[in-house]
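With the working numbering as the guide, the letters of the sequence shown map in order to residues 13 to 87.
The beta carbon of each residue, even a glycine, is placed where N, CA and C say it ideally should be.
The structure appears right after this line, and notes come after that.
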Amino acid sequence: MKEFLEYVVGSIVTDKDNVNIEIEESGSIVKIRLSVGQDDVGRVIGRRGRTINAIRTLLRAMGSLRGNRVELDIE
C-alpha cells in the first residue's frame, strides 16, 4: 500500500521530497498518515475532495483484499 500511495501522490504533487507516509497497524486496522508540502495539500485533496476520496476508496479496496480496514489522514 505504501508503494501505491507513494506513486499516486508523487504523480500529483510538485515537491516529491516533502511527501511523508507513516503507516501504523493495530490488529486489522491500518492507519496511514500522509503529509505533503503546504502548496500541494490542495492538489492532493482535489476539488470538493474528489481526489483524496478516490485515493481512500482504492486503499480501502486494497485493504479489504487482505482483511484490513484502512484509514487515510492528511496532516
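Those residues which DSSP pairs with residue i across a bridge
i	result
VAL82	VAL42
SER47	ASN32
GLU37	VAL42
Three-state secondary structure assigned by DSSP to residue i
i	result
GLU87	coil
ASN13	Residue identity differs from the one stated: residue 13 is Met in this sequence, not Asn. It is coil, neither helix nor strand.
VAL21	helix
GLY75	helix
GLY58	coil
Test item: CB-CB of residue i and residue j under 8 Å
i	j	result
LEU71	MET13	yes
LEU17	ILE41	no
THR63	VAL53	no
VAL20	ILE67	yes
Cβ of residue i within 8 Å of any chain B Cβ
i	result
SER76	Protein chain content of the structure displayed is limited to a single chain, and chain B is not contained in it.
Residue closest to residue i, alpha-carbon to alpha-carbon, out of the options
i	options	result
VAL82	GLU15, ASN32, SER38 and LYS28	SER38
State whether the segment 44-57 contacts the segment 20-29, with contact taken as three or more CB pairs (one from each stretch) at a distance under 8 Å. yes
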